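*Asks:*
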Amino acid sequence: MHSPSSPISEFDLIERFFKTGMASNITNPSLSLGIGDDCALIKPPPGEEIAITSDMLVEGRHFFAGADPELLGFKALAVNLSDLAAMGAKPLGFTLAIALPSVNTKWLESFSNGLFRLANQFSCPLIGGDTTAGPLTISITAIGSIPTDKAIRRSGAKVGDDIWVSGTVGDARLALAALRHEMILSEDELKKVAHRMHQPTPRVELGIQLRGIANAALDVSDGLLGDLKHLLKQSQVDAEILLADLPKSVSLQKQSIAIQNQFAACGGDDYELCFTASSEQRDTIMEIGRALNLPLTKIGCITPMHSHQTQIRIISAAGKVLSDTESATLLKSFDHFSA
Ligand SMILES: [Mg+2]
């Protein structure tokens with residue numbers, strides 16, 4: 044047994060915290076060889092292609108120094124699985140590269156608990172990685188698979204498509220405001236929204252169900268409208284968004300209308316899926332939402348491009364198109380969590 048900061052070899056560290064943290068029942072037929080050799084070997088299911096995504100979290104930049112290691116472990120993997128979900132990919136496994144200022148076994152145990160709680164839930168094994176001494180940095184690469192040519196890209200949105208978003212948006216931003224003491228929430232409410240911020244649910248099953256149904260999709264990491272703009276740009280289309288239709292939690296609905304609109308439209312860290320689909324798919328999409336017990340809300344539509352730059356026309360609750368200045372004021376509120 045090591046004391047919290049006693050030296051531990053890299054081999055011991057991987058063995059103790061990362062190799063044995065996985066539930067023994069994680070099996071993945073696509074994994075020919077897992078952790079412990081020079082490389083992992085993956086054989087994608089026949090007729091499928093591999094989807095790969097990486098995300099790096101740096102202390103002081105993406106999370107506060109002293110952040111709860113269990114939540115950090117959970118979220119570091121969740122944001123990667125969310126990217127797989129956005130393309131309709133099914134997780135196969137992930138690698139972890141971690142720089143640690145010191146080997147603190149208590150910290151590692153908690154980190155590994157959070158990480159594997161989510162990994163086990165999605166049968167997504169750790170298949171390799173690296174550890175080194177350095178400022179706390181967590182880098183995860185998630186690998187998934189998807190039937191060839193079925194990936195849902197950002198570039199597929201078509202004029203006339205409905206625009207949808209899953210779950211509710213703005214809760215993580217509400218939690219951040221409360222944690223920064225910019226806003227006061229009841230203990231119960233703070234708990235609910237902080238859970239959304241720290242432990243987002245990657246919408247993996249939704250992404251898989253949307254294959255062949257959604258024309259374009261992405262996950263909402265930096266804020267709904269800001270992220271939607273990336274999709275519009277890739278698809279070379281504009282959009283019209285009905286501000287009053289953005290789905291908000293009961294907690295967010297208790298705030299002023301201005302805060303509701305700002306946080307729902309521009310708050311980051313929600314990790315919901317925003318996607319577009321032909322209006323003929325409405326019933327199918329509602330059925331998917333019911334089957335997954337996940338609200339799916341139509342929030343607008345895709346329109347032809349008006350100028351050389353893609354634009355979002357935001358329609359107020361009163362049916363009025365927001366002026367450029369009004370839209371800019373709303374969008375300006377965007378401030379993704381960064382120290
Ligand atoms: Mg993404």
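My numbering numbers the first residue of the sequence shown as 44 and each following residue consecutively.
Here a beta-carbon is modelled for each residue, glycine too, at the ideal position from N, C-alpha and C.
Since we're looking at a predicted model, the values are computed, not measured.
I think isoleucine 119 touches leucine 158, with their Cβ atoms under 8 Å apart; what is that distance to the nearest whole Å?
*Replies:* The sequence position of residue 119 within the sequence shown is 76, counting from 1. The sequence position of residue 158 within the sequence shown is 115, counting from 1. Going by the sequence as given, residue 119 is alanine instead of isoleucine. Sure, about 7 Å apart at Cβ, within 8 Å.
*Asks:* Going by C-alpha to C-alpha distance, which of Leu316, Pro338, Ser182 sits closest to aspartate 262?
*Replies:* Along the sequence shown, read from residue 1 onward, the residue named residue 262 stands at position 219. Of Leu316, Pro338, Ser182, the residue nearest in Cα terms is Leu316.
*Asks:* For the segment 275-319, which segments carrying the alpha helix (DSSP H) assignment without a break, of at least 4 residues, lie completely within its bounds, in sequence order?
*Replies:* 293-296, 300-309
*Asks:* Confirm the yes/no value for this check: CB of leucine 261, any heavy atom of ligand 1, distance under 7 Å.
*Replies:* As a first step, residue 261 must be located in the sequence shown, where it is residue number 218. Flag set: Cβ of leucine 261 near ligand 1.
*Asks:* Answer yes or no: the CB of aspartate 312 versus the heavy atoms of ligand 1, is any distance below 7 Å?
*Replies:* For the purposes of this step, residue 312 is taken as the residue at position 269 of the sequence shown. No, since every heavy atom of ligand 1 falls outside the 7 Å radius drawn around the Cβ of aspartate 312.
*Asks:* Thinking isoleucine 93 and proline 87 are a contact (beta carbons under 8 Å), I'd like their distance in whole angstroms, please.
*Replies:* Walking along the sequence shown from the start, residue 93 turns up at place 50. Walking along the sequence shown from the start, residue 87 turns up at place 44. Rounded, the Cβ-Cβ distance is 5 Å, consistent with contact.
*Asks:* Could you check if alanine 129 belongs to the surroundings of ligand 1, using beta carbon to heavy atom distance under 7 Å?
*Replies:* Within the sequence shown, residue 129 is the residue found at index 86, counting from 1. True, at least one ligand heavy atom lies under 7 Å from that Cβ.
*Asks:* Could you tell me whether the Cβ atoms of glutamate 91 and serine 166 are closer together than 8 Å?
*Replies:* As a working mapping, residue 91 is identified with position 48 in the sequence shown. As a working mapping, residue 166 is identified with position 123 in the sequence shown. Taking 8 Å as the Cβ cut-off, glutamate 91 and serine 166 do not qualify as a contacting pair.
*Asks:* Consider the C-beta atom of serine 182 and the heavy atoms of ligand 1; say whether any pair is separated by less than 7 Å.
*Replies:* For the purposes of this step, residue 182 is taken as residue 139 along the sequence shown, with counting starting at 1. For ligand 1, not one heavy atom lies less than 7 Å from the Cβ of serine 182.
*Asks:* Tell me whether valine 122 sits in a helix, a strand or coil according to DSSP, three-state version.
*Replies:* The residue labelled residue 122 in the question sits at position 79 within the sequence shown. If DSSP states are grouped into helix, strand and coil, valine 122 belongs with the helices.
*Asks:* CB of aspartate 126 to nearest heavy atom of ligand 1: below 7 Å?
*Replies:* For this step, residue 126 is matched to residue 83 along the sequence shown. At a cut-off of 7 Å, the beta-carbon of aspartate 126 counts as near ligand 1: some heavy atom of the ligand is closer than that.
*Asks:* Name, in chain order, the residues that DSSP records as bridge partners for serine 370.
*Replies:* Against the sequence shown, residue 370 aligns to sequence position 327. DSSP lists no partner for serine 370.
*Asks:* Starting from valine 208, follow the beta strand (DSSP E) in both directions and report where the run begins and ends.
*Replies:* Looking up residue 208 in the sequence shown gives position 165. First-last of the beta strand (DSSP E) with valine 208: 205-209.
*Asks:* Hey, how far is the Cα of phenylalanine 60 from the Cα of histidine 349?
*Replies:* Along the sequence shown, read from residue 1 onward, the residue named residue 60 stands at position 17. Along the sequence shown, read from residue 1 onward, the residue named residue 349 stands at position 306. Spanning the two alpha carbons is a distance of roughly 54 Å.
*Asks:* Closest to proline 178 by CA distance: which of Arg196, Val101, Arg246 is it?
*Replies:* As a first step, residue 178 is located in the sequence shown; it is residue number 135 there, counting from the start. It is Val101.
*Asks:* Which word fits alanine 282, buried or exposed, when buried means at least 16 other C-beta atoms lie within 10 angstroms of its C-beta?
*Replies:* The residue labelled residue 282 in the question sits at position 239 within the sequence shown. Looking at its Cβ environment, which holds 16 or more other Cβ atoms inside 10 Å, alanine 282 is buried.
*Asks:* Tell me the residue span of the alpha helix (DSSP H) that contains isoleucine 256.
*Replies:* The residue you call residue 256 lines up with position 213 of the sequence shown. Note, isoleucine 256: premise wrong, no alpha helix (DSSP H); not H, not E.
*Asks:* Would you identify the three-state DSSP class for lysine 133, choosing helix, strand or coil?
*Replies:* Reading the sequence shown from its first residue, position 90 is the one you call residue 133. In the structure shown, lysine 133 sits in a strand (DSSP, three-state: E or B).
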